[in-house]
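J.:
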Amino acid sequence: MREINNIVILTGAGISAESGVATFRGPDGLWEGHRVEDVATPEAFQRDPQLVQTFYDERRAKLKTVHPNAAHKALAKLEAEWGGDFLLITQNVDDLHDRAGSNRLLHMHGELLSGLCLACETRSPVRGRLSDDPACPHCGEVAMRPDIVWFGEMPYQMERIELALAQCDLFVSIGTSGAVYPAAGFVRSAQHYGAQTLEINLDPSEGSLYFDESRLGKAGQLVPVWVEDMLHNG
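Take the sequence shown: its letters are residues 0 to 233, numbered as in numbering that gives the first Met the number 0.
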């Protein structure tokens with residue numbers, strides 16, 4: 000097995016769920032009381048923009064009530080102290096990794112605290128309510144939408160992600176279901192290029208069979224232990 004220098008980590012809803020962030024779909028198939036088709040597609044935004052804006056406004060407001068947990072903090076520590084290349088990719092649209100101190104961070108599905116202008120295609124920080132129809136700070140048009148990758152849209156920075164997967168020595172997936180593509184295929188991409196692979200999840204994901212090792216349990220407990228092992232033993 001080759002020496003580990005370059006690490007790529009993927010995180011999903013499971014890591015934020017331990018901080019109190021609602022996971023993508025509940026057991027009834029709804030996302031905080033809404034059908035996914037009604038709040039997370041471009042067609043939904045065209046059909047009822049006020050509903051979609053209000054939905055994300057509420058999720059944005061809830062960020063003030065949640066805080067990074069031990070897993071978020073441990074990953075920030077690993078980034079700060081690791082000597083090789085490091086990239087943290089998150090499917091989550093919350094800011095918990097950011098607040099924990101992660102810098103080499105890529106939000107592949109967008110961010111709640113960002114807005115995208117449909118007129119000039121620029122992104123701007125958002126702290127208030129997009130349902131109030133604020134003007135774009137760049138072009139002045141009232142054409143802001145949540146900076147979220149919806150179903151049917153391409154995740155951000157896929158070329159950068161694919162390059163990192165091709166160059167990494169270790170790929171780690173934390174708190175992901177293994178059901179949403181293209182992220183669910185990252186483990187096979189990393190393995191194709193010879194990387195070791197590790198899954199840390201509450202339960203086996205749909206892609207567990209593709210990982211060299213699976214550690215099952217709460218991320219807040221398992222991730223800090225794994226990080227300390229990596230920093231002391233490599």
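Note that CB positions come from ideal geometry on N, CA and C, so glycine has one too.
Is the Cβ-Cβ distance between E110 and V92 less than 8 Å?
T.: Their beta carbons are under 8 Å apart, which means E110 touches V92 by this criterion.
J.: Please state whether the Cβ-Cβ distance between E205 and G184 is less than 8 Å.
T.: The answer is no: Cβ separation not under 8 Å.
J.: Can you look up M229 in the DSSP assignment and give me helix, strand or coil?
T.: DSSP places M229 in helix when its eight states are reduced to three.
J.: For the beta strand (DSSP E) containing D146, name the first residue and the last one.
T.: Element bounds for D146: M143 to I147.
J.: Are the CB atoms of Q90 and G219 within a distance shorter than 8 Å?
T.: Contact: no.
J.: How is S188 classed by DSSP in three states: helix, strand or coil?
T.: Three-state DSSP puts S188 in a helix.
J.: Excluding five sequence neighbours on each side, which residues of the same chain lie with their C-beta closer than 8 Å to the C-beta of E161?
T.: Once the five neighbours on either side are set aside, the close Cβ partners of E161 are S188.
J.: With distances taken Cα to Cα, identify the nearest neighbour of P181 among L9, N5 and D228.
T.: Nearest C-alpha to P181: L9.
J.: Taking G32 and G174 to be in contact with their CB atoms under 8 Å, please state how far apart those CB atoms are, rounded to whole angstroms.
T.: Incorrect: roughly 23 Å between the Cβ atoms, too far for contact.
J.: With a Cβ-Cβ cutoff of 8 Å, do F210 and A194 count as a contact?
T.: Against a cut-off of 8 Å, the Cβ pair of A194 and F210 comes out as no contact.
J.: Out of curiosity, what's the CA-to-CA distance linking R98 and C138?
T.: When rounded, the distance between both Cα atoms is 29 Å.
J.: Shortest alpha-carbon distance to S15 belongs to which of D37, A69 and T53?
T.: If we check each option's Cα against that of S15, A69 comes out closest.
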